[in-house]
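So that you can map any letter, position 800 of the sequence shown is 810 in my numbering, and since no number is skipped, the others follow by simple counting. Beta carbons are placed, not taken as given, at the ideal position from N, Cα and C, and that holds for glycine. See structure below.
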Amino acid sequence: MSKLLDALQQRILILDGAMGTMIQRYRLDEGAYRGSQFADHPRDLKGANDLLSLTQPQVIEEIHRAYLEAGADIIETNTFNAQAISMADYGLEAQVYDMNLAAARLARKAVDDYSTPEQPRFVAGSIGPTNRTASLSPDVNNPAFRGTSFDELVAAYYEQVRGLIDGGVDILLPETTFDTLNLKAALFAIEKFFDDRGVRLPVIASITITDASGRTLSGQTVEACWNSISHAPLLAVGINCALGALEMRPHIEELARIAPIYISCYPNAGLPNALGEYDETPQSMSALLRDFADNNWLNIVGGCCGTTPDHIRAIAATVRDLRPRVPPKIDPYLRLSGLEPLTGRPDSIGSNFIVVGERTNITGSPKFAQLVKGGDLEGALAIARQQIEGGANILDVNMDEGLLDSEKVMTEFLNLIASEPEIARVPIMIDSSKWSVLEAGLKCTQGKSVVNSISLKEGEEKFRQQARLARRYGAAVVVMAFDEKGQADTIERKVAICSRAHDILVNEVGFRPTDIIFDPNVLTVATGMEEHNAYGVAFIEGVRRLRQKFPEANTSGGISNVSFSFRGNKAVREAMHAAFLYHAINAGLTMGIVNAGQLAIYEQIPKDLLELVEDVLLNRRPDATERLLAFADSVKGQETTTAKEEEAWRSGTVEERLSHALIKGIIDYLEPDLEEARTKYPFALSIIEGPLMDGMNIVGNLFGAGKMFLPQVVKSARVMKKAVAWLLPYMEAEKAKTGDQSQRGKVLLATVKGDVHDIGKNIVGVVLGCNNYQVLDLGVMVSAEKILDTATAEKVDIVGLSGLITPSLDEMVHVASEMERRHFDRPLLIGGATTSKLHTAIKIAPRYSKATVHVLDASRCVNVVTSLLTGKREDFERGVRQEYDRLRQQQSSRQADRTILPLGEARRRKPQLDYSDARRPTFLGVRTYEDFPLERIEPLIDWNPLFQAWELRGRYPQILDEPRARELYDDARKLLREIINKRLLTARAVYGFWPANSVGDDIELYADDARRRVIATIHSLRQQQETTTGVNLALADFVAPKSADVADYVGGFAVTAGIGVEELVRRFERDHDDY
11 MSKLLDALQQ RILILDGAMG TMIQRYRLDE GAYRGSQFAD HPRDLKGAND LLSLTQPQVI
71 EEIHRAYLEA GADIIETNTF NAQAISMADY GLEAQVYDMN LAAARLARKA VDDYSTPEQP
131 RFVAGSIGPT NRTASLSPDV NNPAFRGTSF DELVAAYYEQ VRGLIDGGVD ILLPETTFDT
191 LNLKAALFAI EKFFDDRGVR LPVIASITIT DASGRTLSGQ TVEACWNSIS HAPLLAVGIN
251 CALGALEMRP HIEELARIAP IYISCYPNAG LPNALGEYDE TPQSMSALLR DFADNNWLNI
311 VGGCCGTTPD HIRAIAATVR DLRPRVPPKI DPYLRLSGLE PLTGRPDSIG SNFIVVGERT
371 NITGSPKFAQ LVKGGDLEGA LAIARQQIEG GANILDVNMD EGLLDSEKVM TEFLNLIASE
431 PEIARVPIMI DSSKWSVLEA GLKCTQGKSV VNSISLKEGE EKFRQQARLA RRYGAAVVVM
491 AFDEKGQADT IERKVAICSR AHDILVNEVG FRPTDIIFDP NVLTVATGME EHNAYGVAFI
551 EGVRRLRQKF PEANTSGGIS NVSFSFRGNK AVREAMHAAF LYHAINAGLT MGIVNAGQLA
611 IYEQIPKDLL ELVEDVLLNR RPDATERLLA FADSVKGQET TTAKEEEAWR SGTVEERLSH
671 ALIKGIIDYL EPDLEEARTK YPFALSIIEG PLMDGMNIVG NLFGAGKMFL PQVVKSARVM
731 KKAVAWLLPY MEAEKAKTGD QSQRGKVLLA TVKGDVHDIG KNIVGVVLGC NNYQVLDLGV
791 MVSAEKILDT ATAEKVDIVG LSGLITPSLD EMVHVASEME RRHFDRPLLI GGATTSKLHT
851 AIKIAPRYSK ATVHVLDASR CVNVVTSLLT GKREDFERGV RQEYDRLRQQ QSSRQADRTI
911 LPLGEARRRK PQLDYSDARR PTFLGVRTYE DFPLERIEPL IDWNPLFQAW ELRGRYPQIL
971 DEPRARELYD DARKLLREII NKRLLTARAV YGFWPANSVG DDIELYADDA RRRVIATIHS
1031 LRQQQETTTG VNLALADFVA PKSADVADYV GGFAVTAGIG VEELVRRFER DHDDY
């Protein structure tokens, strides 16, 4: 092992070439395959190449020696099909161990003869994919059927591994993987054998991308496949077979970017020609692979089908003096997969929140339960599809029902999901209270799934056992805050149990922290029992503390549990879910189990209801439950939107109605509202560029602020798409009427690889099309290779990239780099919700030497494109370059000006204060001013911000000598008197005092003077910039430390004078009074 690692660090290692190609050159007949040992075997054996290690060992040894002579560092054993499943076709299942033993010994002997201290050689045990697939059905009429099972694969691989290791291999190489579930079974068998035998060898896994789609035969992308197998302690991962080096290039590049381990690559000698032969010469193939090495993508390189010792000799000579790739450090994120990858980024609040669809749960969805119990799994599949269409990033599947064979139904349903690419693209959360059901589910998902859940309920040993198996299957785990004493209901218990579980998982089982998902238990509030009132706060604060203590771990919860007390009252429950999610996400919640597509929007909850709901969830007042129950009784049986509210939004202007429909995802009134808008606007395009874009901008702002989630954005996008589709014929007619049909240029648009969101791109396409630009829309999830190949073939004038999610930014950088590498000269446009001018200037534009322009939204695209395709181009590009240079310089200056101290050093610079004079306030607890007199506030107003907002220079009251300032002041005073006299606004204040002490940079608030129960923790930030005083402050410094044994106190208040301001704004808007 140490010799292999040393060699990998020093040079690019050479793998041998094709075994089958070389065997064919010997033109062996049936008798040669049989040899004397199998002369009477009842079946034909010609083609059973693995058998030759027993019947023609001299042939196999000659081939090994030829590759070693050519410069190979690693020789593969002749065992590609040497397992019971493949050998069953020849009736040779009983000879599998002997084949592997003999093949390993042959390779071992040849390698030992060629090894030197300067160039040690190694034997890799070849483990093929078998001739069966565990993820696909061989029966088109029965998509849930499988030709083999996970357990059968594990048993077959286990026996093969036994023979290879007994024969003396140095490396195990599961290769040519066309189905990741088969590969996961191989890795499972390998780990099981290692544990049973007490040995451990390096393992290299190699997958096969079958065609230009960039996917395996079973449908996974490269990144999804890597996520599926990344749990295994691999030495290297690579790609082989099916493609030549030229076609394999983008896939190796991607794998080298995402995998923090060594990379192997052994392509075919090109693609088969019409005669089934391979045309890539040793010289041309080695030249292509030289490019891979120059780009630092390679650690191990060789050849697959069609390659010979001559190919290996040329490759070895080409890369001999080139540096090997250094594996990159990868950000510690949760990385799951279905057919496509899903990356959780817990360092980004809100916008990367993961939605787990809850309706495919037999215990939580009556409709799903009815379908499953009735045997209608196809119907149940439709609910899964609805959850995906509603924006679910993960699908929670639960089959726990006493009258069902839950293991069998779970397997059948997940097999059905695998046959539906639109559903199977997302990861599966396998949900059960029975380990046997969880394990059944893990055995039929090729992606990286989530186990929901394990806990310490049955003690540490059971927890370890289940965790080890979950890790071996390659799953992430949900850990419930549950131990031998029961369910955790306080902050302290939640944190303590999860901390204990984290220690076991990371330090004993070997879990990556990113694969741990804590569920601190969402418990029901407003039950009428006082001890339940703090459950909402306990969950939120538990999440906050866990995320601070374990920043790489994730957090989740079953959100609907919080509102069970209000079953049957949709209005209250939806409001509770939206508000609870909002506060939990801001505390650090990274995923939640919800009804995807049915989430209310926090910003749209009626203010009176929101206040009542948050009083309950946040336990803000002792009568919170009674107040919300009274409200619930008053609206019981009504829909979320009451008739009065329905009438209110329908009575607004057409612009207000269209905006409301977009934000809420309502399509019911879209056509009449658009028809009305057509009578008001001169052109149909003006409606898109005006009220519709205004509404989408609001959606974007709410999404960015964490007040809308991706499923809600998806619903808004559907409304926008329908609106654009409805307006399109009118835009075409208006375009024809102008008589100008000349094409002004061709623009390619694409949502980049890894991103399925296209609403912004589609609107840009419509707007450009209406302005006589020919638009070539490639859709979503488009690879860099396809974008650039199409741009070249279609001779487009501009390339436009779009993306909504954060990973799209990296992919845009990659596309820009590829455009530079391929010497493009077309302008590159960047757009989408996650993009910005600053990011474009700093990250993307430097990668591409031609014009790179950020386009804010669809309303700006025509001007940008026109400027780039007319005589204005040179001036426009110069202006963009100058602006981007300025942005880069400003960013560089900001970074240079900041001297950031290490946190430890900043803490050592805390001030030394005297706390001996701490005094007890006159009361403890919370008091409220429900309606504070505005007259008492008026004399205290600071008028300076008013004048600053209106860009009038001067200080109050001297500024009143200026006539414009005096006029503004008088108008504002007049409005203020109206507000006070008519009580148009309400002022409210909440204030309180609590016993408190600081602990480090935190402030603990206590329930009473006994100071035994912490009711809240305030986390303060410490200054880390260098200061002139040499002191770095944190808010906690001003509260006596717990260690000082001083009884200190903290006061807090929240005030507002703006209750009612929204209605006042609407009044002025109705009167068209912008002033």
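According to the neighbour-count rule (16 or more other Cβ atoms, all chains shown, within 10 Å of its Cβ), is residue i buried or exposed?
i: S223; result: exposed
i: E940; result: exposed
i: E624; result: buried
i: L405; result: buried
i: K725; result: buried
i: N605; result: buried
i: P184; result: buried
i: G602; result: buried
i: Q456; result: buried
i: I910; result: exposed
i: A196; result: buried
i: K805; result: exposed
i: L2; result: No statement about residue 2 is possible, as the shown extent of the chain runs from 11 to 1085 and does not include it.
i: L182; result: buried
Kindly indicate the opening and closing residues of the beta strand (DSSP E) around residue i.
i: G755; result: Per DSSP, G755 belongs to no beta strand (DSSP E) and is neither H nor E.
i: S216; result: I214 to I217
i: C508; result: That residue, C508, is in no beta strand (DSSP E); its alpha helix (DSSP H) goes I501 to I514.
i: M9; result: Here the chain has residues from 11 to 1085 only, and residue 9 is not among them.
i: S429; result: Looking at the DSSP string, S429 is not in any beta strand (DSSP E), and its letter there is neither H nor E.
i: F528; result: I526 to D529
Taking only three categories from DSSP, how would you classify residue i?
i: Q1034; result: coil
i: Y858; result: coil
i: W1004; result: strand
i: D406; result: strand
i: N711; result: helix
i: P701; result: helix
i: V1060; result: strand
i: D941; result: strand
i: R965; result: coil
i: G935; result: strand
i: C251; result: strand
i: N59; result: helix
i: L332; result: coil
i: H51; result: coil
Shortest alpha-carbon distance to residue i belongs to which of the options?
i: R10; options: V709, A746 and M741; result: The shown model of the chain, from 11 to 1085, leaves out residue 10, and the question about it has no answer.
i: E290; options: A402, V1041 and G280; result: G280
i: A544; options: C508, A634 and G520; result: A634
i: I1069; options: S1030, P943 and S240; result: P943
i: V1056; options: P319, Q293, V1024 and D1019; result: D1019
i: G248; options: Q230, N1007 and P277; result: P277
i: V150; options: A916, A928 and S429; result: S429
i: N571; options: Y343, R583 and E1073; result: R583
i: M32; options: Y168, E71 and L426; result: E71
i: V1065; options: V776, K796 and A999; result: A999
Counting along the chain, where does the alpha helix (DSSP H) carrying residue i start and finish?
i: G173; result: F160 to G177
i: E201; result: T190 to R207
i: I773; result: I769 to C780
i: I239; result: V232 to I239
Closer than 8 Å, CB to CB, is residue i near chain D or not?
i: G30; result: The chain labelled as chain D is not found in the depicted structure, where only one protein chain is given.
Should the segment 530-540 be called in touch with the segment 299-319, which here means at least 3 C-beta pairs below 8 Å? no
Counting pairs of beta carbons, one from the segment 317-331 and one from the segment 552-570, are three or more of them closer than 8 Å? no
Check whether the segment 585-603 and the segment 545-558 are in contact - that is, three or more C-beta pairs closer than 8 Å. yes
Pairs of beta-carbons, one from the segment 108-121 and one from the segment 198-209, closer than 8 Å: are there three or more? no
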